[in-house]
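J.:
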């Protein structure tokens, strides 16, 4: 997906947030912001928003020598998600169409970061979001694919979300599932270490995409990931970053996300903050 003008101020806000998490030294924060502005001046040279984001976060790491500014936030998110995991299982057991609602649970995990920051209302916020239906749901097409599929690749998003994805992976057992995450820390996205911390390794094989951007930029991915990507019978891409990196790549993909910005919602043809499970053939 092309980089839109609306992405640029969002990137700058993200650079400021990361700089403040990484250091309290205002002189270093200033250098990060100056570098970020220079990077944004050349935004047309980047493949996608995740690719541009990677460059900005390299500036944060360069000036602060902090490899993972969001480490404590990710740990908090995973632990909080684990606490409500029994509630997620209970919610799923109460539903008749378990596949639909397992997908919805996985999509709802996309908001756990903002939910935890919502003045302690995490459980209430998650419950509210779980009750919402998908605005678009290509469930029938997914069910057809499952009839003959032997392998599934899930490309993960944020760290706390990996716990929610456990519910979906369990529901799809015994399908041979691989779960791919970022090759190194960036924002609050999941790494291999985060995926293991969530308990996902008990249910699926975990690999790195080989890409450190907050989205699977295929040109930067490892041979292992690309082989899995090409061979998987079904691919589920989680979150906006992966949608931005992979939409238009020519590979059949199911995109599972919440449209959290106007540009993504317009691209998908839904309203802001609506949930989507959409196959590339219908985009």
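Residue numbers (my numbering): 1 to 283. Every residue gets a Cβ at the ideal spot worked out from N, C-alpha and C, and that includes glycine.
(1) Please classify residue 142 as buried or exposed, where buried requires at least 16 other C-beta atoms within 10 Å of its C-beta.
(2) Excluding sequence positions up to five away, which residues of its chain have a Cβ less than 7 Å from the Cβ of residue 168?
(3) Quick check: residue 216 and residue 242, are their CB atoms within less than 8 Å of each other?
(4) Give the secondary structure of residue 144 by DSSP, where H, G and I count as helix, E and B as strand, and everything else as coil.
(5) What does the Cβ neighbour count give for residue 96, buried or exposed, with the cut at 16 atoms within 10 Å?
(6) Evaluate residue 63 with the Cβ neighbour count: other Cβ atoms within 10 Å of its Cβ, from every protein chain shown; 16 or more gives buried, anything less gives exposed.
(7) Sort out for me which residues DSSP pairs residue 284 with in a bridge.
(8) Can you tell me the Cβ-Cβ gap for residue 239 and residue 110, rounded? I've got them flagged as a contact below 8 Å.
(9) Whole angstroms is fine: what's the gap from residue 163's alpha carbon to residue 157's?
(10) If we count Cβ pairs, one from each stretch, closer than 8 Å, do we get three or more for the region 174-182 versus the region 197-216?
(11) Under the DSSP definition of a beta bridge, which residues are partnered with residue 151?
(12) Return helix, strand or coil for residue 276, following the three-state DSSP convention.
(13) Using the beta-carbon count (16 or more within 10 Å), is residue 5 buried or exposed?
(14) Please classify residue 119 as buried or exposed, where buried requires at least 16 neighbouring CB atoms within 10 angstroms.
(15) Starting from residue 135, trace the beta strand (DSSP E) in both directions and tell me its first and last residue.
(16) Which first and last residues belong to the beta strand (DSSP E) in which residue 4 is found?
(17) Quick check: does the Cβ of residue 227 come within less than 7 Å of any heavy atom belonging to the ligand MN?
(18) What does the alpha-carbon distance come out to for the pair residue 114 and residue 235?
(19) Give every residue of the same chain whose Cβ lies closer than 8 Å to the Cβ of residue 249, excluding the five residues on either side of it in the sequence, and list them in chain order.
(20) Can you tell me whether DSSP reads residue 181 as helix, strand or coil?
(21) Classify residue 265 as helix, strand or coil using the three-state DSSP reduction.
(22) Leaving out five residues before and five after residue 35 in sequence, what residues of the same chain have Cβ atoms less than 6 Å from its Cβ?
(23) Mark residue 272 as exposed unless 16 or more other C-beta atoms lie within 10 angstroms of its C-beta, in which case mark it buried.
(24) Roughly how far, in whole angstroms, is the beta-carbon of residue 166 from the beta-carbon of residue 203, given that I think they are within contact range, below 8 Å?
(25) Residue 1 and residue 274 - do their beta-carbons sit closer together than 8 Å?
(26) Under the three-state reduction of DSSP, which class applies to residue 258: helix, strand or coil?
(27) What would DSSP say about residue 17, mapped onto helix, strand or coil?
(28) Give me the Cα-Cα distance between residue 55 and residue 39, rounded to the nearest whole angstrom.
(29) Excluding the five sequence neighbours on either side, which residues of its own chain have a C-beta within less than 6 Å of the C-beta of residue 264, listed in chain order?
T.: For this structure:
(1) buried
(2) 102, 103, 105 and 106
(3) yes
(4) helix
(5) exposed
(6) buried
(7) As displayed, the chain neither begins before 1 nor continues past 283, which places residue 284 out of reach and without an answer.
(8) 6 Å
(9) 11 Å
(10) yes
(11) 176
(12) strand
(13) exposed
(14) Caution applies to residue 119, whose pLDDT of 46 falls short of 50 and renders its modelled position unreliable; the value that the coordinates give is listed next. It counts as exposed.
(15) 134-137
(16) Unbroken run through residue 4: none, as it is neither H nor E.
(17) This structure simply doesn't include the ligand MN, nor any ligand for that matter.
(18) Here residue 114 scores only 49 on pLDDT, less than 50, and its place in the model should not be relied on; the value that follows carries that caveat. Computed Cα separation, rounded: 26 Å.
(19) 218
(20) strand
(21) helix
(22) 59
(23) exposed
(24) 6 Å
(25) no
(26) strand
(27) helix
(28) 7 Å
(29) 240
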